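Below is one structure, written out as structure tokens; the observations come after it.
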Amino acid sequence: MKTVIVVHGGVWAIPDMLAEASVAGVKNAAQAGNAILRNGGTATDAVEKAVRYLEDDPTFDAGTVDPLQFCQVG
0 MKTVIVVHGG VWAIPDMLAE ASVAGVKNAA QAGNAILRNG GTATDAVEKA
50 VRYLEDDPTF DAGTVDPLQF CQVG
């Protein structure tokens with residue numbers, strides 16, 4: 000079965016100094032999730048793996064306060 004995983008790294012204009020790391024991060028997160036699917040894991044497990052990858056990558060603010068939400072609430 001062919002699988003597709005889509006990962007995005009946020010809703011902001013990525014600064015040039017973070018562009019390469021951001022692209023690598025989302026690719027790695029998608030590959031981590033896809034590995035779960037290829038090995039018979041569930042879609043939920045694959046999504047969880049990809050999200051955890053982003054949360055552990057310091058390039059992203061996944062798992063922390065979203066700057067846009069903070070501005071709207073604060």
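Using numbering that gives the first Met the number 0, you'd call the opening residue of the sequence shown number 0 and step up by one each time.
Positions of the beta carbon are idealized from the N, C-alpha and C atoms, including for glycine.
Bear in mind the structure is a predicted one, so any value in this text is a computation, not a measurement.
Can we say the segment 47 to 60 touches the segment 16 to 32, given the rule of at least three CB pairs closer than 8 Å? yes
Considering ALA23, what are the terminal residues of the alpha helix (DSSP H) in which it resides? For this step, residue 23 is matched to residue 24 along the sequence shown. Run containing ALA23: 15 to 37, per the alpha helix (DSSP H) assignment.
Sort ILE13, PRO14, LEU36 by Cα distance to THR2 and report the nearest one. The residue labelled residue 2 in the question sits at position 3 within the sequence shown. Among ILE13, PRO14, LEU36, the Cα nearest to that of THR2 is on LEU36.
Continuous alpha helix (DSSP H) stretch holding ALA12: start and end: The sequence position of residue 12 within the sequence shown is 13, counting from 1. Neither: ALA12 is in no alpha helix (DSSP H) and is coded neither H nor E.
Under the rule that 16 or more other beta-carbon atoms within 10 Å means buried, what is ALA12, buried or exposed? Taking the sequence shown and counting its residues from 1, the one referred to as residue 12 is at position 13. Per the 10 Å Cβ criterion, exposed.
Quick one: what does DSSP say VAL6 is sitting in, helix, strand or coil? For the purposes of this step, residue 6 is taken as residue 7 along the sequence shown, with counting starting at 1. Residue state, collapsed to three classes: coil.
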